[in-house]
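**Student:** According to the numbering used here, the residues represented by the sequence shown are 2 to 675, in order.
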Amino acid sequence: MINPKLPAILYGGDYNPDQWPEEIWREDMRLFRLAGINVVVVPVFSWAKLQPAEDRYDFEWLDRVLDLLAENGIYACIATSTAAQPAWMSVKYPEILPVDVHGRKRTHGKRVNFCPNSKVYREFAARLARKLAERYKDHPALLYWRVANEYGTYCYCDTCAQEFRKWVQKRYGTIEEVNRRWNLSFWGHTIHSWDEIMVPSELNDDNKWYQPVALDYLRFMTDSTIECFVNEYQAIKEVTPDLMVSTNISGYIKKLDQFKFAEYVDIVSWDNYPQPQHRMSLVAFKHDLMRGLKGGRPYILAEQTPSSQNWQPYNLLKRPGVMRLLSYQALARGADTVMFFQMRQSKAGVEKLHGAVISHAGHERTRVFGECAQLGAELKNIGASFLDSRVTAKVAVMFDWDNWWAVELSSGPSRDLQYLDQVEKYYHALWKLNVPVDIVRPDSDLSKYDLVLAPLLYMTKPGTAENIENYVREGGTFVTTFFSGMVDENDHIILGGYPGELKDVLGIWVEEIDGLLPEMKNGMVMKGPLGELNGTYECGLICDLLHLRGAEALAVYAADFYAGRPCLTRNQFGKGTAYYVASDPEQPFIDGFVKYLCDLKGIKAPLEVPPGVEVTQREKESRRFTFVLNHNETAVEIDLGEKACFDLVTQTEKRGRVRLAGRDVLILEEQQSS
Ligand code: GLA
Ligand code: ZN
Numbered sequence: 002m003i004n005p006k007l008p009a010i011l012y013g014g015d016y017n018p019d020q021w022p023e024e025i026w027r028e029d030m031r032l033f034r035l036a037g038i039n040v041v042v043v044p045v046f047s048w049a050k051l052q053p054a055e056d057r058y059d060f061e062w063l064d065r066v067l068d069l070l071a072e073n074g075i076y077a078c079i080a081t082s083t084a085a086q087p088a089w090m091s092v093k094y095p096e097i098l099p100v101d102v103h104g105r106k107r108t109h110g111k112r113v114n115f116c117p118n119s120k121v122y123r124e125f126a127a128r129l130a131r132k133l134a135e136r137y138k139d140h141p142a143l144l145y146w147r148v149a150n151e152y153g154t155y156c157y158c159d160t161c162a163q164e165f166r167k168w169v170q171k172r173y174g175t176i177e178e179v180n181r182r183w184n185l186s187f188w189g190h191t192i193h194s195w196d197e198i199m200v201p202s203e204l205n206d207d208n209k210w211y212q213p214v215a216l217d218y219l220r221f222m223t224d225s226t227i228e229c230f231v232n233e234y235q236a237i238k239e240v241t242p243d244l245m246v247s248t249n250i251s252g253y254i255k256k257l258d259q260f261k262f263a264e265y266v267d268i269v270s271w272d273n274y275p276q277p278q279h280r281m282s283l284v285a286f287k288h289d290l291m292r293g294l295k296g297g298r299p300y301i302l303a304e305q306t307p308s309s310q311n312w313q314p315y316n317l318l319k320r321p322g323v324m325r326l327l328s329y330q331a332l333a334r335g336a337d338t339v340m341f342f343q344m345r346q347s348k349a350g351v352e353k354l355h356g357a358v359i360s361h362a363g364h365e366r367t368r369v370f371g372e373c374a375q376l377g378a379e380l381k382n383i384g385a386s387f388l389d390s391r392v393t394a395k396v397a398v399m400f401d402w403d404n405w406w407a408v409e410l411s412s413g414p415s416r417d418l419q420y421l422d423q424v425e426k427y428y429h430a431l432w433k434l435n436v437p438v439d440i441v442r443p444d445s446d447l448s449k450y451d452l453v454l455a456p457l458l459y460m461t462k463p464g465t466a467e468n469i470e471n472y473v474r475e476g477g478t479f480v481t482t483f484f485s486g487m488v489d490e491n492d493h494i495i496l497g498g499y500p501g502e503l504k505d506v507l508g509i510w511v512e513e514i515d516g517l518l519p520e521m522k523n524g525m526v527m528k529g530p531l532g533e534l535n536g537t538y539e540c541g542l543i544c545d546l547l548h549l550r551g552a553e554a555l556a557v558y559a560a561d562f563y564a565g566r567p568c569l570t571r572n573q574f575g576k577g578t579a580y581y582v583a584s585d586p587e588q589p590f591i592d593g594f595v596k597y598l599c600d601l602k603g604i605k606a607p608l609e610v611p612p613g614v615e616v617t618q619r620e621k622e623s624r625r626f627t628f629v630l631n632h633n634e635t636a637v638e639i640d641l642g643e644k645a646c647f648d649l650v651t652q653t654e655k656r657g658r659v660r661l662a663g664r665d666v667l668i669l670e671e672q673q674s675s
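1) Check whether the Cβ of residue 81 lies closer than 7 Å to any heavy atom of the ligand ZN, and answer yes or no.
2) Is residue 382 helix, strand or coil by DSSP?
3) Please check the pair residue 557 and residue 526, which I expect to be a contact at CB under 8 Å, by giving their CB distance rounded to whole angstroms.
4) Residue 106 by DSSP, collapsed to three states: which one?
5) Would you identify the three-state DSSP class for residue 533, choosing helix, strand or coil?
6) Mapping the DSSP letters down to three states, classify residue 653 as helix, strand or coil.
7) Does the contact criterion of 3 or more C-beta pairs under 8 Å hold for the segment 248 to 265 versus the segment 399 to 410?
8) Measure the C-alpha to C-alpha separation of residue 675 and residue 12 and round it to an integer number of angstroms.
9) Starting from residue 342, follow the alpha helix (DSSP H) in both directions and report where the run begins and ends.
10) Could you give the DSSP three-state label for residue 664: helix, strand or coil?
11) Would the beta-carbon of residue 364 be found less than 7 Å away from any heavy atom of the ligand GLA?
12) The ligand ZN and residue 99: does any heavy atom of the ligand fall closer than 7 Å to the residue's C-beta?
13) Nearest to residue 316 by alpha carbon, out of 355, 422, 519?
14) Looking only at its chain, what residues have a beta carbon closer than 8 Å to the beta carbon of residue 657, apart from the 5 residues adjacent to it on each side?
15) Please tell me whether, using a cut-off of 7 Å, the distance from the CB of residue 161 to the nearest non-hydrogen atom of the ligand ZN is below it.
16) Go ahead and pull the three-state DSSP assignment for residue 373.
17) Less than 8 Å between the CB atoms is what I'm expecting for residue 345 and residue 359, so what's the real figure, rounded?
18) State the DSSP-derived secondary structure class of residue 318, mapped to helix, strand or coil.
19) Would the beta-carbon of residue 154 be found less than 7 Å away from any heavy atom of the ligand GLA?
20) Would you check whether the ligand GLA has a heavy atom nearer than 7 Å to the C-beta of residue 249?
21) Just the C-alpha distance for residue 650 and residue 140, rounded to the nearest angstrom, thanks.
22) Using 10 angstroms around the beta-carbon of residue 351, count the other beta-carbons present and answer buried if the total reaches 16, otherwise exposed.
23) Taking the CB atoms as reference points, tell me whether residue 407 and residue 441 lie closer together than 8 Å.
24) How far does the beta strand (DSSP E) with residue 584 in it extend, from its first residue to its last?
25) Nearer than 7 Å: is that true of the beta carbon of residue 118 relative to any heavy atom of the ligand GLA?
26) With DSSP collapsed to three states, give me the class of residue 218.
27) Is residue 521 buried or exposed, if buried means 16 or more other CB atoms sit within 10 Å of its CB?
28) Nearest CA to the CA of residue 74: which residue from 37, 419, 273?
29) Quick check: what's the CA-CA separation for residue 39 versus residue 502?
30) I need the boundaries of the alpha helix (DSSP H) containing residue 285, first residue and last residue.
31) Hey, could you find the ends of the beta strand (DSSP E) residue 478 is sitting in?
32) Which class does residue 65 belong to by DSSP, given the choice of helix, strand or coil?
33) Restricting to runs no shorter than 3 residues, where is the beta strand (DSSP E) found entirely within the segment 432 to 457?
34) Hey, how far is the Cα of residue 388 from the Cα of residue 3?
35) State yes or no: is the C-beta of residue 489 nearer than 7 Å to some heavy atom of the ligand GLA?
36) If you follow the beta strand (DSSP E) that residue 147 is part of, which residue opens it and which one closes it?
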């Protein structure tokens, strides 16, 4: 539980009272209570108000906000406000301001506009965090802490260059080793002293043209940002060791290695902003990824919009019922909170048209407020029932930030190669089957899974191939795809034939890689039926030209000079089986292939439901909760079986065939047989 002081689903979001006169605050409290809000995040971007000058702090206004919240029975996640430093600070200490990838020194403005390696920034940030902790440690409203907001600025300033040199030295020890790890003899990049190491930016184009360096710079920026977080984390923990401290991760997740970041937070926290064109499975994938960051522990849904965003090209309203449905989806996949950005809609600035619980109308008689209040009432009824419960999965999808960066830094074989797209295609098939999935790291313990999929595993870091081999040898089923096993942790090709260290487990070797033009397609001709798969399926993007080394071909290419050569293989390795998909097939193939594998391993959904209905399960002790989410606009019928269960949403008993309205939800707790 985030804090036993409030044994309930946390429901609320970012509150920015400093944008409003105090008369409004009382009205806010009335509306919060009406909507069933029990926690707000405050003060999110108020550093300039909390510290108007270097030697002056002003907490009195925040005292009044927190007291008012406490009087109204509303809790606070206190945010350290350090994502936007005051203007006076940037002016007096310009070294805080970052240098962007183009080499431009930034001036003060926007937010998250600081160099993560600035000592001055870190000192000021830790001081503010400590002062907040000391002042509010015993405040009845305080529940947990948020540090900063959506970290993710890459900086290329002289301080970062210095720190990067130290980081490289610590990682590789000697100049010779750096030359080796970065293969600097390529294009005459060899260095002879540490100060010859340059940051890879648009000034030298090494951010695009020299992958081993660019890759390490992203690792270094992750580490620098983690240090920024830890700097405040420690200041807070010294004062309130028992309260949870986190930071909200941006929904755009490529920037920082979040598996690594998650090792330093008490609880994962993320902001969910699906775009209208996103498949629901992508949203589900991100939830599973967030749950996976700390090995399956529940997490905080820190932000979502109750209605629309403002920063997309087209800002479609969430249709009636969608906000509620997406909120339950978060809970279904492992969140213990439902939070919004933001509580009251700003009246000016870039976010003036971003949705909020309280809109510009300023009262409760709006569609959005009504939906928020309905959800608030439902969550109150649900209470603490499934808090801290876990998802049990027999299928794992491997995910890795180093791999993500390296694939997309690669020059060739295709500029259309997107890691997330490839992972999501396989995840989508699992999502449609309603099979529970864990997202795991390359070094995770795989032994508890019956099926492990690692689409586009381009990079095998030390130990990755061994982990996979051990898993398959002991009876696991493993799937990977084209352009895998290509490089080591420094983006050096593993010589001797692709897929490098995965050759043995897969029983193949790849000789050539064909990067097809966007309009070009090939076909995968099944050599015989595989589950429901038969005939020919379209494929494109990449075609690997491979040789069998013990594996058998399950499908062959339909066309081109490699027609008839294998494009889908299966290899027995020890007690297990490893499959290789050598091209990028159309979704129906992936759906059928994943279904075949799940059927083979006896992996099933917790409940049979019609298409478009998402099912998950969370368990704790002897209690089991089945979430049923109808993403269809129209009603469906679902057979719950004869055993009685209790629906937490409607607080009624259900059994047998039930009708679930469009976008409606059930949370079924199995009745214990006494
Ligand atoms: C991010 C930020 C919030 C807000 C929202 C708007 O998630 O953390 O402060 O700007 O975007 O969508
Ligand atoms: Zn910097």
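Heads up, the beta-carbon is just placed ideally off N, CA and C, and yes, glycines get one too. Keep in mind it's a predicted model, so treat the numbers as computed, not measured.
**Tutor:** On the basis of the data shown:
1) For the purposes of this step, residue 81 is identified with residue 80 of the sequence shown, where counting begins at 1. No; taking the cut-off as 7 Å, the Cβ of residue 81 has no heavy atom of the ligand ZN nearer than that.
2) Within the sequence shown, residue 382 is the residue found at index 381, counting from 1. In the structure shown, residue 382 sits in a helix (DSSP, three-state: H, G or I).
3) Walking along the sequence shown from the start, residue 557 turns up at place 556. Walking along the sequence shown from the start, residue 526 turns up at place 525. The pair is a contact, with the Cβ atoms about 5 Å apart (cut-off 8 Å).
4) Within the sequence shown, numbered from 1, the residue matching residue 106 stands at position 105. Looking at residue 106 - three-state DSSP - the assignment turns out to be strand.
5) Along the sequence shown, one-based indexing puts residue 533 at 532. In this structure, residue 533 counts as coil in the three-state DSSP scheme.
6) Position 652 of the sequence shown, counting from 1, holds the residue named residue 653. The answer is strand: DSSP assigns residue 653 an E or B state.
7) yes
8) The residue you call residue 675 lines up with position 674 of the sequence shown. The residue you call residue 12 lines up with position 11 of the sequence shown. Reliability fails at residue 675, whose pLDDT of 48 lies under 50, so the model's placement of it is uncertain and no value is given.
9) Taking the first residue of the sequence shown as 1, we reach residue 342 at position 341. Premise fails: residue 342 is in no alpha helix (DSSP H) and is neither H nor E.
10) As a first step, residue 664 must be located in the sequence shown, where it is residue number 663. The answer is coil: DSSP assigns residue 664 none of H, G, I, E or B.
11) Against the sequence shown, residue 364 aligns to sequence position 363. Every heavy atom of the ligand GLA is 7 Å or more from the Cβ of residue 364, so no.
12) The residue you call residue 99 lines up with position 98 of the sequence shown. Yes; taking the cut-off as 7 Å, the Cβ of residue 99 has a heavy atom of the ligand ZN nearer than that.
13) As a working note, residue 316 is residue 315 in the sequence shown. Out of 355, 422, 519, 355 has the C-alpha closest to the C-alpha of residue 316.
14) Residue numbering aside, residue 657 sits at position 656 when the sequence shown is read from its first letter. The residues are 640, 641, 642, 643.
15) Taking the first residue of the sequence shown as position 1, residue 161 is located at position 160. Residue 161: yes, Cβ under 7 Å from the ligand ZN.
16) Your numbering for residue 373 matches position 372 in the sequence shown. Three-state DSSP puts residue 373 in a helix.
17) Along the sequence shown, read from residue 1 onward, the residue named residue 345 stands at position 344. Along the sequence shown, read from residue 1 onward, the residue named residue 359 stands at position 358. Yes, they are in contact, since the Cβ atoms of residue 345 and residue 359 sit about 4 Å apart, within 8 Å.
18) Position 317 of the sequence shown, counted from the first residue, corresponds to residue 318. Correct three-state label for residue 318: coil.
19) The count along the sequence shown starts at 1 and reaches residue 154 at position 153. No - the ligand GLA has no heavy atom lying nearer than 7 Å to the Cβ of residue 154.
20) Indexing the sequence shown from 1 puts residue 249 at position 248. Indeed, a heavy atom of the ligand GLA lies less than 7 Å from the Cβ.
21) Numbered from its first residue, the sequence shown carries residue 650 at position 649. Numbered from its first residue, the sequence shown carries residue 140 at position 139. When rounded, the distance between both Cα atoms is 33 Å.
22) Within the sequence shown, residue 351 is the residue found at index 350, counting from 1. It is exposed - the Cβ of residue 351 has fewer than 16 other Cβ atoms within 10 Å.
23) Your numbering for residue 407 matches position 406 in the sequence shown. Your numbering for residue 441 matches position 440 in the sequence shown. No, they are not a contact pair.
24) Taking the sequence shown and counting its residues from 1, one reaches residue 584 at position 583. Element bounds for residue 584: 584 to 586.
25) If you number the sequence shown from 1, residue 118 lands on position 117. No, Cβ of residue 118 sits at least 7 Å from all heavy atoms of the ligand GLA.
26) Mapped onto the sequence shown, residue 218 falls at position 217. In the structure shown, residue 218 sits in a helix (DSSP, three-state: H, G or I).
27) Within the sequence shown, numbered from 1, the residue matching residue 521 stands at position 520. Residue 521 should be labelled exposed.
28) Here residue 74 refers to the residue found at position 73 of the sequence shown. With distances taken between Cα atoms, residue 74 lies closest to 37.
29) The residue given as residue 39 occupies position 38 in the sequence shown. The residue given as residue 502 occupies position 501 in the sequence shown. So the alpha carbons of these two residues sit roughly 52 Å apart.
30) Translated into the one-based positions of the sequence shown, residue 285 becomes position 284. Here the alpha helix (DSSP H) through residue 285 covers 281 to 294.
31) In the sequence shown, the residue the question calls residue 478 occupies position 477. 478 to 482 is the span of the beta strand (DSSP E), which, as asked, contains residue 478.
32) For the purposes of this step, residue 65 is taken as residue 64 along the sequence shown, with counting starting at 1. DSSP places residue 65 in helix when its eight states are reduced to three.
33) 438 to 441, 452 to 455
34) For the purposes of this step, residue 388 is taken as the residue at position 387 of the sequence shown. For the purposes of this step, residue 3 is taken as the residue at position 2 of the sequence shown. Looking at the two C-alpha atoms, the distance is approximately 9 Å.
35) Within the sequence shown, residue 489 is the residue found at index 488, counting from 1. The answer is no for residue 489.
36) The count along the sequence shown starts at 1 and reaches residue 147 at position 146. Counting along the chain, the beta strand (DSSP E) containing residue 147 begins and ends at 143 to 147.
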